Ligand code: ADP
Ligand code: MG
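In the numbering used here, the protein residues as written are 1204 to 1885.
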């Protein structure tokens, strides 16, 4: 890290470790880290994902199933009743502004000591008018004033409550307010009459009214989009400046002949994309291209052939995948493919699970040019990796990587050409913005011989039918994916889990078929092993979370069963479904859910990723476009691409003006924005 940058970071103290916030001890620190909070900035921008509006109800008008909110003073010592199976119940009377009401709450025995006579509480629950009792689902301390109270709700983790988070955030704002980074240049701050960052954060975490909340949110969204668009604009401009890339001389014959070594006929779109890449590789300007194509459209082969062309002209290539499972799969596929080629390049795989010695050896070979193609995760662009002559970098599933990684790629090697692949069909207007710095090739045509996937919606009570369908597939020697939203049971969720499904599937099929699981908490090597076994059909039923969502390719898998399908966004379901229907057997996808049938209906109607993503945008904003966990190119903390499109467009224009305005060249904020791209790993 340069001295300049070090000073900057010190000045922009938002990078300060959260442990410096008063009240955060080692135990809380671990929990905060677990939910991705490391720095002061992370903490204060851990925005509520929802606000609960607390407003006193009129009990007389409450319907039996309606949620009611009432406040008052505890009038009687709570009585604790204990039942079998650890169940308990607290009963007490509450004096409210409109009379006395009984309150019961289950499983809060621990609250008894705090509910002394005279304590002010807010009770949330359901009112039974005949008994004059509120059965509470939650009790908070305090009173409601006569207006409504807006309560932020945060994503928490076991051991770290909403209250803890709120306290930490407010302490941080109080003590370290001036250390929080702010990415809006003064000029725009004044132009739009924005409040300062600290004030806006204060409001978002403690909203006094809906109106003020909305204003503060707009300010923070603008800031987030401004910083994002600044980076995109910066990348675009720097590409323009450094036009000159590697100018290769590869004859068209190489291009033509290599296609014949591929065991299948390329589709027209694949050929076109390849030609566009060939033109980039042999042309003067540096390649900066996005290869977009729906799941299963066959992007990988295009990338492999691009790397082959690069190899034939004497340069090294690096292929980056978002997960080790995927990197390993690419490695095996590539080795397999090159077996048919006369002059095969030397291909190696770099993995996190390798020993230090093994890694050192690979680094050494990369530096001396003994490796032609290296495959791995983003470890490939870490600082300690040096290449002899890196000519081409390919990133698979680009949307999983962030814009900062794009910048990091730019600084590797001497102007390597870059090919980004993405299966996420982003509606065009959005794509133009977030990938505004790239050229685009699109693969629309699916490989020949693909049979459309049949999608079924089933309710949980129809599980027998589903098992019967599974049995049919297994009898035909096909394999099956089973997906659950969770790995293991958790106290506040009733979602289906991978572990529970393993038991169920073993009961149904265990005597005849091999069943195994794979999930994100397993070590990389263990995951790879299971995937390898599944590929080789040593496992017939693979149960997993969404870890297999990205890119895994097993053509003999002809069925996918997704439990609690309503827990997933449509784009995730589409990505998951794309794991089957890859061979030439007719494939099935079964979505099991007892709710949200209307939304899931879309999956039955179409297999067009663009249509599905449009629908997803309409229904939920961009939030779930990239899976349950937001990451990569569109991971915004507060902005939402669809809802905030107008702000995005404004931020795009403003950040561009700001970038090219030389009078602000010395502005340290500009440098911080640029530096931040080269030094963060997200
Ligand atoms: P994605 O675009 O989702 O990354 P892949 O590159 O993994 O898709 O391709 C999916 C499958 O289709 C792979 O098994 C691949 O070998 C196969 N495939 C790709 N192109 C063709 C083609 N032109 N004809 C037949 N099969 C193809
Ligand atoms: Mg792929």
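Heads up, the beta-carbon is just placed ideally off N, CA and C, and yes, glycines get one too.
The model shown is predicted, which means the values in this text are computed figures rather than measured ones.
- In summary, residue 1513 is buried, with 16 or more beta-carbon neighbours lying within 10 Å of its beta-carbon over all protein chains present.
- At least one heavy atom of ligand 1 sits closer than 8 Å to the Cβ of residue 1651.
- DSSP lists 1329 as the bridge partner or partners of residue 1270.
- For the options 1572, 1594, 1551, the alpha carbon positioned closest to that of residue 1579 is the one of 1551.
- Annotation note: the region 1346–1379 contains the following uninterrupted beta strand (DSSP E) runs of length 3 or greater, listed N- to C-terminal: 1352–1356.
- When the five nearest sequence neighbours on each side are left out, the beta carbons in the same chain lying within less than 6 Å of the beta carbon of residue 1298 are those of 1275, 1276, 1278, in order along the chain.
- The closest CA to that of residue 1790, considering only 1309, 1701, 1861, 1656, is found on 1656.
- Under the three-state reduction of DSSP, residue 1626 is assigned to coil, being neither helix nor strand.
- As DSSP reads the structure, residue 1343 sits in a beta bridge with 1325.
- Note that the region 1652–1666 touches the region 1789–1809; at least 3 beta-carbon pairs, one per stretch, sit closer than 8 Å.
- Relative to the Cα of residue 1374, the nearest Cα in the group 1517, 1501, 1226 belongs to 1226.
- For residue 1775, the closest C-alpha among the options 1813, 1759, 1787 is that of 1813.
- Residues 1660, 1768, 1769, 1794, 1796 of the same chain have their beta carbon placed closer than 7 Å to that of residue 1803, with the five preceding and five following residues left out of the count.
- Beta bridge pairing from DSSP links residue 1779 with no other residue.
- Secondary structure note for residue 1598: its beta strand (DSSP E) is the uninterrupted segment 1593–1598.
- Annotation: residue 1641 to residue 1492 spans about 5 Å, alpha carbon to alpha carbon.
- With respect to residue 1595, residue 1654 sits apart: the two C-beta atoms are not nearer than 9 Å.
- Ranked by how close their Cα comes to the Cα of residue 1228, the residues 1367, 1338, 1462 have 1367 in first place.
- Taking C-alpha positions only, residue 1555 is separated from residue 1421 by approximately 41 Å.
- Distance from the C-beta of residue 1480 to the nearest heavy atom of ligand 1 is not below 8 Å.
- Rounded to whole angstroms, residue 1864 and residue 1406 show a C-alpha spacing of 32 Å.
- Taking 4 residues as the shortest admissible run, the region 1761–1808 contains the following complete alpha helix (DSSP H) segments, listed from N- to C-terminal end: 1773–1780, 1800–1808.
- Spanning the alpha carbons of residue 1844 and residue 1460 requires a straight line of approximately 44 Å.
- Between residue 1646 and residue 1600, the alpha-carbon positions lie close to 14 Å from each other.
- The Cβ-Cβ distance between residue 1224 and residue 1383 does not fall below 9 Å.
- The Cβ atoms of residue 1347 and residue 1320 lie no closer than 9 Å to each other.
- Beta-bridge partners assigned by DSSP to residue 1660: 1794.
- With distances taken between CA atoms, residue 1314 lies nearest to 1295 out of 1761, 1517, 1295.
- According to DSSP, residue 1551 shares a beta bridge with 1577.
- Residue pairing by DSSP places residue 1523 opposite 1579, 1598 in a beta bridge.
- DSSP, reduced to helix, strand and coil, places residue 1748 outside both helices and strands of the structure shown, so it counts as coil.
- A distance below 9 Å separates the beta carbons of residue 1625 and residue 1495.
- DSSP, reduced to helix, strand and coil, places residue 1516 outside both helices and strands of the structure shown, so it counts as coil.
- When rounded, the separation of the alpha-carbon atoms in residue 1876 and residue 1436 is 12 Å.
- Short note on residue 1756: C-beta closer than 8 Å to some heavy atom of ligand 1.
- In the DSSP annotation of this structure, the continuous segment of the alpha helix (DSSP H) that includes residue 1464 starts and ends at 1455–1464.
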